[in-house]
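Trainee: Attaching a single structure in structure tokens format; questions to follow.
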Amino acid sequence: MLNKEEIAHYSKQLMLPGLGIEGQEKIKNARVLVVGLGGLGCSAALYLTAMGVGKIGVLDFDTVEVSNLQRQVLYSLTDIGLLKAEVAFAKLSSQNSFVKISKYSVKLDNKNALDIFTDYDIIIDGTDNYAARYLINDACILLNKILIYGAIYKFEGQVSVFNLKTHSVLEGPTYRCLFPIPAAFDKLPNCSEIGVVGFLPGIIGTLQATEAIKIITGLGEPLSGKLLLFNALSSNFQTIEFSRNKNWVDIAPKNNTEFIQMDYEYFCKAPDIKLSNESISIDELKFIIDNKIDIQLIDVREPFEYPQIHEFVDLHIPLSEIYNKLHLISDNKKVIVYCNTGLRSKRAITILEKEFGFINLHFLDGGALEWIKNFPN
Amino acid sequence: MEVKLFGSLSEMFGKSILKVNDCDDIKTLKENLFMEYPELKNCVFLISVDKKVVLNNQKLEAENEIAFLPPFAGG
Chain V
2 MLNKEEIAHY SKQLMLPGLG IEGQEKIKNA RVLVVGLGGL GCSAALYLTA
52 MGVGKIGVLD FDTVEVSNLQ RQVLYSLTDI GLLKAEVAFA KLSSQNSFVK
102 ISKYSVKLDN KNALDIFTDY DIIIDGTDNY AARYLINDAC ILLNKILIYG
152 AIYKFEGQVS VFNLKTHSVL EGPTYRCLFP IPAAFDKLPN CSEIGVVGFL
202 PGIIGTLQAT EAIKIITGLG EPLSGKLLLF NALSSNFQTI EFSRNKNWVD
252 IAPKNNTEFI QMDYEYFCKA PDIKLSNESI SIDELKFIID NKIDIQLIDV
302 REPFEYPQIH EFVDLHIPLS EIYNKLHLIS DNKKVIVYCN TGLRSKRAIT
352 ILEKEFGFIN LHFLDGGALE WIKNFPN
Chain F
850 MEVKLFGSLS EMFGKSILKV NDCDDIKTLK ENLFMEYPEL KNCVFLISVD
900 KKVVLNNQKL EAENEIAFLP PFAGG
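Protein sequence lines correspond, in order, to chains V and F.
Whatever position you read off the first sequence (first residue = 1), add 1 for the numbering used here.
Whatever position you read off the second sequence (first residue = 1), add 849 for the numbering used here.
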């Protein structure tokens, strides 16, 4: 229920069709957590507070620096050196006394994510690195929270809504459905190295707040299954559609225990899985196996051949039998074929690609012998 | 045929639209581009055709709108 003061406070948005008192009450009952209080987070938190989201969490471990001020609009010169979560808490609390702000001056990790996210319905990703983004995504999947993604690069931005259940109980895609393979984060610079133009996170962060309000009130159509792309230089907006992909969702930790054990920095730092190449190195295969990435592994050696690799959960299709067993080869996930040295498996792939049109095949460079040399049973 | 480039990819090529020889399908397009620009093999990006992400091989027509979309991390 809204009291007289709230009605006066929000009068300008109450008069909008589709919002009204009912919509404002939904906003009042909503609980949104803003993770990361940089350019995106400041802007998102600002508008969510202004519009009256009842419970807002602000999470960041960092302190305010002078170079933040050109884009992180919650902070001013007198805040330099102070904890961002504390400053945000004070600023937002004074902006709207109807909103309860909770502050978390912590670095988000596997343990605290599960605890903190529990108290919210919508999580806004305002972080600046891939490891955090995958961690947040996976926590949201486990806890069934809606995730509003925003990210920027120089003059471009991306926005999407993940894990949204529609009325028909169809689950929306996750971050992993869009970007299943992380860009190797130690090769790519972050904002502190490539620069950020002040207005851009303001636009993208406000778009994230927009999606949150749309989901809370039921107004309009959220960006679920849609990636919004913005280019500030051309002032161009466009939307790309994508779907939920069960294979990629299944890679995410399935329970709290698996989630807590996941090393997201390693996941993002490890060698790029060059799945665009025909050959896979033994290091890449080890990474795939360690992270339980869903692939099909096929051994094309004859049954009597050694060495047998204990870690491999694989399908045996001797090269001599390949024509009879085509139906066993998966066509909807990556397939890695191996033999003892790589020669036979390379030949198998050539046959399968040229004669049967497979496009998802790779061979293990160096084969089982290379594996055993480096990773003895 | 044209490929629209975003983010770090458009930076890598120094342009936002890459003109390529007509290709029958995505697989051929990727093979041709990887041969001409081997550094592309190390990049992570989505491929969209006519504003829809494609995961598997797909036939291409000359008038298709193709885009390569890398992830962004900045915040």
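In this text, a Cβ means the ideal position worked out from N, Cα and C, and glycines have one as well.
It should be emphasised that the depicted structure is a prediction, and the values quoted were computed from it without experimental measurement.
Between the segment 126 to 140 of chain V and chain F, which residues of the former have CB atoms less than 8 Å from a CB of the latter, in chain order?
Mentor: The residues in question are D126, G127, T128, D129, N130, Y131, R134.
Trainee: Going by beta-carbon coordinates alone, are I124(V) and K101(V) separated by less than 7 Å?
Mentor: Not in contact: I124(V) and K101(V) (Cβ atoms no closer than 7 Å).
Trainee: Tell me whether R345(V) sits in a helix, a strand or coil according to DSSP, three-state version.
Mentor: Reduced to three states, the DSSP call for R345(V) is helix.
Trainee: If you draw a straight line from the C-alpha of K347(V) to the C-alpha of L895(F), how long is it?
Mentor: Going from the Cα of K347(V) to the Cα of L895(F) covers about 26 Å.
Trainee: Let's test the definition: count the other Cβ atoms within 10 Å of the Cβ of T218(V) and tell me whether it reaches 16, buried, or not, exposed.
Mentor: Per the 10 Å Cβ criterion, buried.
Trainee: Nearest-angstrom Cα distance between P308(V) and D874(F)?
Mentor: Those two C-alpha atoms are separated by around 39 Å.
Trainee: Looking at the unbroken alpha helix (DSSP H) that takes in H10(V), where does it start and where does it end?
Mentor: It spans 5 to 10 - the alpha helix (DSSP H) in which H10(V) sits, taken as one unbroken run.
Trainee: What does F921(F) touch in chain V if you count any residue whose Cβ is under 8 Å from its own?
Mentor: Neighbours of F921(F) on chain V, chain order: A152, I153, Y154, E157, G158, Q159.
Trainee: From this set, S44(V), D110(V), M52(V), which residue's C-alpha is nearest F62(V)'s C-alpha?
Mentor: Among S44(V), D110(V), M52(V), the Cα nearest to that of F62(V) belongs to D110(V).
Trainee: Measuring straight from C-alpha to C-alpha, what distance separates L224(V) and Q209(V)?
Mentor: Answer to the nearest angstrom: the Cα atoms are 10 Å apart.
Trainee: Expressed to the nearest angstrom, what Euclidean distance is found between the alpha-carbon atoms of V107(V) and G37(V)?
Mentor: So the alpha carbons of these two residues sit roughly 10 Å apart.
Trainee: For H328(V), which beta-bridge partners are listed by DSSP?
Mentor: Paired residues: none, contrary to the question.
Trainee: Taking L298(V) and F313(V) to be in contact with their CB atoms under 8 Å, please state how far apart those CB atoms are, rounded to whole angstroms.
Mentor: Their Cβ separation, rounded to whole angstroms, is 6 Å, which keeps L298(V) and F313(V) in contact under 8 Å.
Trainee: Take G203(V) and list the residues in its own chain whose beta-carbon comes closer than 6 Å to its own, dropping the five residues that flank it on each side.
Mentor: For G203(V), where only same-chain residues beyond five positions count, the Cβ hits under 6 Å are S44.
Trainee: Leaving out five residues on either side along the sequence, give the residues of the same chain with a beta carbon under 6 Å from the beta carbon of R345(V).
Mentor: Cβ neighbours of R345(V) beyond the five flanking positions: V301, L320.
Trainee: Can you tell me whether G923(F) is buried or exposed? The criterion is at least 16 other CB atoms within 10 Å of its CB, across all chains shown.
Mentor: The residue in question, G923(F), is buried, as its Cβ has 16 or more Cβ neighbours within 10 Å.
Trainee: Measure the Cβ-Cβ separation of F862(F) and L918(F) and say whether it is below 7 Å.
Mentor: Taking 7 Å as the Cβ cut-off, F862(F) and L918(F) do not qualify as a contacting pair.
Trainee: Determine the chain F residues that contact L60(V) at a beta-carbon separation under 8 Å, and present them in chain order.
Mentor: Within chain F, no residue comes near L60(V); the closest Cβ sits about 12 Å away, beyond 8 Å.
Trainee: Return no unless some Cβ of chain F is closer than 7 Å to the Cβ of L41(V).
Mentor: Yes, L41(V) counts as interfacial toward chain F.
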